Every structure is written in structure tokens, then in C-alpha cells.
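A.B. asks: As you go down the protein sequences, you meet chains A and B in turn.
Here the first sequence stands for residues 3 to 614, where the numbers follow our numbering.
Here the second sequence stands for residues 139 to 442, where the numbers follow our numbering.
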Amino acid sequence: MNTAKVEIDHVSYLEERVSYLEEANCNYAALLDMLTSCSDFQADLNRDKSLEGIYRATLVHLGRLFPFQGMGILESKDDNSFDLAACEPTSCWNGLSNDIDSAIMNGTFAWALKRNQAITVPAVEGNHTLLLHAIATQTGIRGMFIARLAGKNRLIDAPTINTLSSILLTSAYSLENCALYTILREHSQSLEEKVQERTAELLTARNMAEAAALELQISNEQLSNEIAERKRAEDELIKAQKLESLGVFAGGIAHDFNNILTSILANLSFARMQISPSHLIARRLEECEKATVRASELTQQLLTFARGGEPVKKLIDPVAVIKEAASFVLRGSTVRSRLDLPDGLWCVEADGGQFSQALHNLLINAAQAMPDGGEVTVRGENETLGTDNLHRLPAGPYLKITVEDSGCGIPEENLSRIFDPYYTTKSQGSGLGLASVYSIAKRHGGTVGISSKLGEGSIFDIHLPASPGNQPAGVAVKEATELRGAGRILIMDDEDFIREIATEILQYMGYDAESCADGKEAVECFQKAREIDKPFACIILDLTVPGGMGGKEAAARLRELDPDAVLIVSSGYSNDPIIANYQNYGFNGAIRKPFDADTLARELAKLIPKSL
Amino acid sequence: MGSYACEFSERPEMATNDTLNKKMMERLINETDSVYSLPLIYERLTEVINHPRSSITDITRIISEDQGLTARLLKLANSPMFGFFSKIDTIDKAATIIGTQQLQALALAVSVMEIFTGIPEELVNMKSFWQHSIACGIIARTLAIYHRDINAERVFAAGILHDVGRLVMFTTIPEIVKEMIVESREEESLLYWIEENRFGFTHANVGGRLLANWNIPESIAEPVYCHHSPVEAKKFPLETSFIHMADIICKALGIGSNGEQFVPPLEPSTWERMGIPAGSLVEIVRYAEPQLEETLAILGKNAS
């Protein structure tokens, strides 16, 4: 009986052992299966390079290991804090959060971190057990696994716990790899960014350098252009100064020369007056007189060239001037002239000297354009311009003179500059020729135009305001008797030979002539004459008196003394504004030197009433 | 507990006196086994811990049967070694806080220490012996914790038990041991070299074999078996390295005495395996030192 009982006990003990071992065996087999499937887990971990992906894979895998009520993974932050980062099922998020809070509060959490193994503690609230397991590698803590087990005092068997630890270790290494990978990637990215930044900086720097080089090149070019321009300006300045000094020199010579011519002309004309026109030498004297007039015109041109100035306009017959200019300029050259000057060409109100100077210059220009000879055509036309004409001139009658050559022509790009002062394409040119043509035309209220074809020739056309119907007074030799007058005349001139001839002419014509050398003397003479009650009927004042009172000041004094005095200004400088506008300076008339006897007599006759 | 076979690789030089040496080893183990046996409580604990359906209550019930063990485990759990923030006053709390496997390892260490009593004082001062063993256990455990090993208590147990083979020799062949100690002293040779020369095996091999015989997990038995020849550890080289290193540190620091006069040489590969910076060693020792005294007081009392 006893034996039997012992045997039964023995049998039941053995049965119990067998059942335990079977169960344990089952458990081990299941764990082995589970570990076998770890390759899948590893693949998941490797596939997902993100922390979240690793959390998810870990939770899924652990879910197969043990029937947890809920589980989650806390991420270990850089500041040593922990955040619930993943949760399975998601519905247990709040519950787990509460569990975590209480585990942190009562120190279990810190303990679990320290122990680095599975810690199972009864939950503070609720009927479950909390499992905490640090997710850590040898180098550091990567997170914390937290899970709920059903029941207050639940225990997980050792093999399962060890499997759990092993899975979490794998997970920890994956998390570490992931973090390292991220750091590496960030490093390489920042490195790449730095490289790109540097490359961009270098590129910018290069672009800037290139731009700077370009700018430098441009400013260099500008500078060299400016230098060239400056050089040109300097050259022009030198040229202008040369011309100016030449002009002053020429002006000085012309003035003196003019005075001499005045004497010659006055003497010639005086001589001619004293003989009969039929006299044998009368014609010789006339020729001499004409040549002297031409010489005088030449000095006028010199003076115009030197000073420019207001034209002294008188009615001029263009035909004579054109003919004279053409023969004068082209004489001796290989260029022939063809003049197309129809009858009835209108006369112009012009300064004879300047008018002929303009023509001279155009003809010179045409001749120089044809160094191998050719033909220059000068055409005269009457033209009445309406308003809004192409020449932008006021409406009215104009004389159009066209000078056409068959020369080399002017390149189109130069056309706009040919009237610029000092612009020249000729090695010996002054650059003043066409410029003075332009200024003369302008001063006369006209204009000058150009059209040219390279290799075919150039056409210049001048428009000058015309005076239809008027004819200039001919240089008819009038009877000396017609020019006779009477009265006291005072003539002031610094040149004694002019004073002498003038006095002689005046006395010959019946005047009572007196002379003085400067303005001061003139005023004194005037006063003296008034005192003795023999006032002067007319006073002729030379404009320029070197070293003494000139005509202008003298006139002002005399005008003060006698507002009704008859004052005539005389000057070689026909371009002087006082000559052109003598009325404005208190004069009653003007005589241009050189004057001939006739001119002088005529002027006096005009101003002194016969009755006197 | 399932059938558990422990196969250790034999050293090449052992081949010469192969049979003789095997017989000697068998004799030592058998004699020890007949006198000392692991308390049943350890086996039962192992079973409960591994059982999927067991609860903490089951564990508590088993441990509570041994009042002495219970008291020591609780004292250990509250010692600076663990440094838990509040008092652990029950075994079930110790089980949850420290962990069942960890508790099991501690129970093993405590149990084995209780077995070996009555060893002649002339051979070895037991207090001094356990002092060395416990210090080795603590330092090995600290190395394991530093390494973030999951079950540092197992390393702790292995450390405490690493010289259990010496105890076997002291009890079974005290005269020979005496001779060998003298020889070691006279020849200024390491004791385990003399053992090696004499038997073809060392006390480490004997200890490991005994633990394996007692079905102690291989993670403890192998480190004990190989703690003087760590390159031979095939399954738990890391744990073996901890024991090897801790033994040398304890000898170098002169903590306790195990009969060995000299500091054993360091196997460089163990150092590499642990991957602990040399500078950290001081830190580790400094961390372990304060735990020594109290742990000794808890465990050493019954051993003396």
C-alpha cells in the first residue's frame, strides 16, 4: 500500500516532470522559431534607415514574442530626456504615457536605465505589470522599451526575457547605426554644401574679377579715347592758338596795309578827279584804282578771317562777285569753271567782302577736291521759299548759289562735321574754310547745305536773302562838281598821310578842312571852333587811335557837347560792330577805309545839307 | 532541468598523460560531488524562473524556504552594489527590481559559498579566500556593467566562483596542494603553472568542470574553466575576459588571498575584447571599491 502510494507519487511526479519538460520544450521551440525569424527582423531594420522605422519593426517583432497588452519605445533625446516615440497598439498611447510618468516618478525608470536589463514592476495604477528595458549598446542608451503585462505580479520566463534583451540589443545597434548614419550623412551633406558654397564663392569671385577686368578694359578704352580726344583737343587748341596769333598778326598787318591802301586809293581817285575822263592816263588810273580796291578786299578778307564779325551789308550784284571769285581762285589751276548765271538774278544785301570770301572758300574747296583737274559749276538761281521749307529758313526771296564739283566726294560719316571749325581732312587745311562759309551764310540770314557722293563729287548750295527789284548803284564816275560841298570839316586820324590826302580832297571839293591826330585834339578843335563861332559841319573820326582817344570815346564827348553834331566814323575794320551799327554809337555815318575821294564826297554830300 | 552537457576543449599538452590526467580530474570531481552538492533550492529556482507559467509568487516561495538565503539576498539587494533608491524588503520585490535571473545568479553564488566549509586553516584562510573571490566578483561585475552587459549578476557569480577549483583541491588533495604551494614559493612560479605541469590541468579547469557537473549554466562554468586561459573560451569569451581581468586586478591590488603568491599574466586579447579604455580602469576600480566591504560583510560572514 505504502509502496503503491510511493509509486503513485513517483509516477505522478514523473508525469509532472514530463509535462513540465514538454511545456518548456514547446516554449524553447517557439523561441527558437522566433529567433529564426530574426533574419526578417534584421532585414526590416536594414531596410528602414529611419528611427521610426526601427521602432516600428522592433515593436512588431516583440509583439510576436510575447502577448503584451501594449508596448512602446521611448526615444532618447540629445538632452538626456525621453519621449514616447512609438506605440503598439496606438490606442494604448495615453495609458503607456501614464505608466512612464509614474515609472519616472518612483525611480523605476532610472533604475531600468541603470540596470540595462528587463525590470518588471507592478503598475502603480491598474491591474497590470510594467516591463521596462533599456535599449542600449555598449556606447550609449538609445531608448527605452516599455510594455504592459496583464496581471499585477506578472513574470516573464527567463528564456523569453533573454530573447527580448537580445532583440532590443539588435534594435539598439540599429538605432545607433541609424544615428551614426544620420550624423555621417549630415556631415557629408554639410561638407557638400560647404564645397558648393566655396565653389559658388569662387565662381562669384571669378565673375567679379572678370567683370572688374572688363570694366578695367572699358575704362581703359575710355581713358585712351579720352587721351586721344584730349590730344586732339590740344592739337586743335594749338592750331587755334596758332591761327589766333596768325589772325592777330594778319589783323595788324591788314590794318596798317589798309591805311596805306586808303592813302593810295584816295590819291588815285583824287588824281583822277583832277583830270578829264578822256585823258590818256585816266584809264590807267582807273585800273590802278580797281587793283587797289581788290587789294583792299583782300585785306578785308584777312580781317574777316582774323576776327569774323558783323557784316556791313550793302546791295550786291552776285554775278560780278561770282565771276570775279571764280577767275581769282581758279586762275592758274587745272580746274575749269562753268558759270551758269541767268539774267535777272536777284541782288543780295550782303557784306561784299564776306560774300566773296564765302565764294572763294567754296571754290577753293572744290578745286582741292579735284587735284587732277576737272570742272566746277557755279549756278545762280532765284528761289522763293515758302514757310516750312527744307532749309528751315524764313519764307521769302532767296538767291541760291550752287557750287558743284566732280571731285572725290565726302564720305557720308564726315558730312555732318565738315562745317565744324577746324575740321579738316586735308593735311594743309586750316579747317576754317567751310566753317567760315557756314558762319557767313548764317550771319546773312541764310544757310549752306551739302550733298555728296563718294567718288562722284559734292554739291554745296548757299541760300542768301535776296532783294528782288533793287540794283546796286553803279560805280559811275560822277562829275566832280556834283560832289562839291562847303562847310568846315574836321578829320581825325592818327596817320598823317591819311590826314593830308583827306584834307586835300576835302579842300578840292570846296570844304574847309582841318585835321587832328586823336580824339582829345578833336574835342579841343571842336570847342575852339565853337568859341570862334566857326563850328564844324561834320567831323570824321578814326575809330582806332593807338595810344590815344579813339573815335568811339571822342564821339561820345562831342555828342555831349553838341547833340546835333554830324559825326562820321571811319575804320579799316569793316567787321567792327561800330561800323556795322554806327547809329547805335552816336554816329551819323560810316566810311570804310580805304576810301576813295568819291566815297568820301558822297558820304559828306549825303550828311551835309547843300544849303550850308 | 534538461540534460546539460559541458564539453571543454582539452589542452594539447594534456594529450601525453591524457588518460592519467582525465582520471585525476574525475577523481577530484567525484570526491567533491560526493561530499558537497548544490542545494536543491538552486535547481528548483532555475526551473521556476525558466517556466513560462510561473509567477513571482512561485519564486518567492522557493527562496523563502531558506531563511539564510533570503536574508543574504535581501541584504545584497540593498547593498551599495545595487544602489537601489528605496528599500527592497521582500523577495518578490527583489525579483522584480533585480530580476529573476540575476537573483538566481546571486543565489548560486551564495549557495556555493555555503557549501565549502571546514577547509583546513593551514591551507587557506577562508575569509581571505572569499575576500579575493568576492572582490573578483564585484570587479568582474563592474566591468560587465561598464560594458553594458545584460546579466552582470551572472558575471558576479562567476567571479565569486572562479577559484572554486582550488577549494576542490584543498579538500581532496590537501597534501599535494601544500607541496605545490611550497614549490610555487620556492621556484617563484605561478601556482597554476605548477598545477598545469603536475596534472595537465589547473584549478580553473577543476572548478569549471565541477560547476558543469552541477548543471550550472555554461555562461558561468566556462569563464571559471578558462579564467587562466581565456583564449580557450569558445562560447563566452567576453564573460571569461571579465573574470580573467578581475582576477588579475584583485591580485595586483592585493585584496584577499587565494593561495596564489604572484600576479598572473594578462592575456592581451581579453583586453582588446572588452574594449575598455585603459584610463577607465581606475574609474572602474574606484567604483567597485566601496561595494567590497559591505558585500564581504554580507557574503563573507558564513564563509569564515
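Built from N, CA and C at the ideal position, the CB exists for glycine as well.
These figures come from a predicted structure and were not determined experimentally.
Can you tell me whether residue 433 of chain B is buried or exposed, with buried defined as 16 or more other CB within 10 angstroms of its CB?
C.D. replies: Residue 433 of chain B comes out buried.
A.B. asks: Note down the Cα distance separating residue 528 of chain A from residue 575 of chain A, rounded to an integer number of angstroms.
C.D. replies: Each residue's alpha carbon lies about 26 Å from the other.
A.B. asks: Please tell me whether residue 148 of chain B has its Cβ less than 7 Å away from any Cβ of chain A.
C.D. replies: Unreliable placement is indicated for residue 148 of chain B, whose pLDDT of 47 sits below 50; the coordinate value is still reported in the next sentence. Output row for residue 148 of chain B: interface = no.
A.B. asks: Going by the DSSP bridge assignment, what does residue 148 of chain A pair with across the sheet?
C.D. replies: DSSP output for residue 148 of chain A lists A/74 and A/134 as bridge partner(s).
A.B. asks: Please classify residue 79 of chain A: is it buried, with 16 or more other beta-carbons within 10 angstroms of its beta-carbon, or exposed?
C.D. replies: By the 10 Å Cβ count, residue 79 of chain A comes out exposed.
A.B. asks: Please return the same chain residues whose Cβ sits closer than 6 Å to the Cβ of residue 346 of chain B, not counting the five positions on each side in sequence.
C.D. replies: 359, 362 and 363.
A.B. asks: What are the residues in the stretch 363-396 of chain B lying within 9 Å of chain A by C-beta distance?
C.D. replies: For the stretch 363-396 of chain B, which is checked against every Cβ of chain A, not one residue is closer than 9 Å.
A.B. asks: Checking the sheet assignment: what are the DSSP bridge partners for residue 594 of chain A?
C.D. replies: DSSP lists A/573 as partners of residue 594 of chain A.
A.B. asks: Rank B/193, B/173 and B/301 by C-alpha distance to the C-alpha of residue 394 of chain B and give the top, closest one.
C.D. replies: It is B/301.
A.B. asks: For residue 138 of chain A, I'd like the list of residues in its chain whose CB is within less than 7 Å of its CB, leaving aside the five on either flank, ordered along the chain.
C.D. replies: Cβ within range, chain order: 118, 144 and 174.
A.B. asks: Check distances from the C-beta atoms of the stretch 45-62 of chain A to those of chain B and list, in chain order, the residues that come in under 7 Å.
C.D. replies: So the list is empty, because no residue satisfies the distance condition.
A.B. asks: Taking the alpha-carbon positions, what's the residue 373 of chain A to residue 573 of chain A distance?
C.D. replies: Spanning the two alpha carbons is a distance of roughly 39 Å.
A.B. asks: So what does residue 91 of chain A bridge to, in DSSP terms?
C.D. replies: Bridge partners of residue 91 of chain A: none, in fact.
A.B. asks: Kindly indicate if chain A contains any beta-carbon less than 7 Å away from that of residue 407 of chain B.
C.D. replies: With 7 Å as the cut-off, residue 407 of chain B does not count as an interface residue toward chain A.
A.B. asks: In the DSSP assignment, what are the bridge partners of residue 376 of chain A?
C.D. replies: Bridge partners of residue 376 of chain A: A/337.
A.B. asks: By how many angstroms is the C-alpha of residue 186 of chain A removed from the C-alpha of residue 94 of chain A?
C.D. replies: For residue 94 of chain A and residue 186 of chain A, the distance between alpha carbons rounds to 35 Å.
A.B. asks: Identify each residue in the stretch 107-127 of chain A for which the Cβ-Cβ distance to at least one residue of chain B is less than 9 Å, and report them in chain order.
C.D. replies: If the cut-off is 9 Å between Cβ atoms, the stretch 107-127 of chain A has 108, 109, 110, 112, 113, 116, 117, 118, 119, 120, 121, 122, 123 and 124 near chain B.
A.B. asks: For residue 518 of chain A, list the residues DSSP reports as bridge partners.
C.D. replies: Beta-bridge pairing links residue 518 of chain A to A/494.
A.B. asks: Exposed or buried, what is residue 287 of chain B when buried is set at 16 or more other beta-carbons lying within 10 Å of its beta-carbon?
C.D. replies: The residue is buried, with at least 16 neighbouring Cβ atoms inside 10 Å.
A.B. asks: So, does the CB of residue 157 of chain A fall closer than 7 Å to a CB anywhere in chain B?
C.D. replies: Interface residue, yes.
A.B. asks: Quick one: what does DSSP say residue 613 of chain A is sitting in, helix, strand or coil?
C.D. replies: At residue 613 of chain A the pLDDT is 44, less than 50, meaning the model places this residue with poor confidence and gives no usable figure here.
A.B. asks: Just to confirm the assignment, what range does the alpha helix (DSSP H) spanning residue 363 of chain B have?
C.D. replies: Start and end: 356-363.
A.B. asks: Helix, strand or coil, according to DSSP, for residue 327 of chain B in the structure here?
C.D. replies: In this structure, residue 327 of chain B counts as coil in the three-state DSSP scheme.
A.B. asks: Whole angstroms are fine: how far does the CA of residue 308 of chain B sit from the CA of residue 388 of chain B?
C.D. replies: C-alpha separation (whole angstroms): 21 Å.
A.B. asks: Going by alpha carbons, who is nearest to residue 270 of chain B out of B/354, B/304 and B/245?
C.D. replies: When each option's Cα is compared against that of residue 270 of chain B, the closest is B/304.
A.B. asks: Check distances from the C-beta atoms of the stretch 286-315 of chain B to those of chain A and list, in chain order, the residues that come in under 7 Å.
C.D. replies: Listed in sequence order: 286, 288 and 289.
A.B. asks: Would you mind giving the Cβ-Cβ distance between residue 98 of chain A and residue 148 of chain A, rounded to the nearest angstrom? I have them listed as a contact below 8 Å.
C.D. replies: Right, the Cβ-Cβ distance comes to about 6 Å (below 8 Å), so this counts as a contact.
A.B. asks: Could you tell me whether the Cβ of residue 429 of chain B comes closer than 7 Å to any Cβ of chain E?
C.D. replies: Looking for chain E here will not work: the only protein chains present are A and B.
A.B. asks: Name, please, each residue of chain A whose Cβ falls closer than 8 Å to the Cβ of residue 249 of chain B.
C.D. replies: Neighbours of residue 249 of chain B on chain A: none; closest Cβ ~18 Å, over 8 Å.
A.B. asks: For residue 269 of chain A, collect the residues of the same chain with a Cβ closer than 6 Å to its Cβ; drop the 5 residues on either side in sequence, then sort them by chain order.
C.D. replies: If we look at residue 269 of chain A and ignore the five residues flanking it on each side, its Cβ neighbours are 503.
A.B. asks: Hey, could you find the ends of the alpha helix (DSSP H) residue 267 of chain B is sitting in?
C.D. replies: It spans 264-284 - the alpha helix (DSSP H) in which residue 267 of chain B sits, taken as one unbroken run.
A.B. asks: Please specify which runs of the alpha helix (DSSP H), each continuous and at least 4 residues long, are wholly inside the stretch 3-67 of chain A, giving them in chain order.
C.D. replies: With a minimum length of 4 residues, the continuous alpha helix (DSSP H) runs that stay inside the stretch 3-67 of chain A are 4-38, 40-49 and 53-67.
A.B. asks: Under 7 Å between the Cβ atoms of residue 87 of chain A and residue 75 of chain A?
C.D. replies: Taking 7 Å as the Cβ cut-off, residue 87 of chain A and residue 75 of chain A qualify as a contacting pair.
A.B. asks: Using a C-beta to C-beta distance shorter than 8 Å, which residues of chain A count as neighbours of residue 187 of chain B?
C.D. replies: Result: 159 and 160.
A.B. asks: How would you list, in chain order, the residues of chain B whose beta-carbon sits under 9 Å from the beta-carbon of residue 22 of chain A?
C.D. replies: 185 and 189, listed in chain order.
A.B. asks: Would you kindly report the start and end of the unbroken beta strand (DSSP E) that includes residue 401 of chain A?
C.D. replies: Counting along the chain, the beta strand (DSSP E) containing residue 401 of chain A begins and ends at 398-406.
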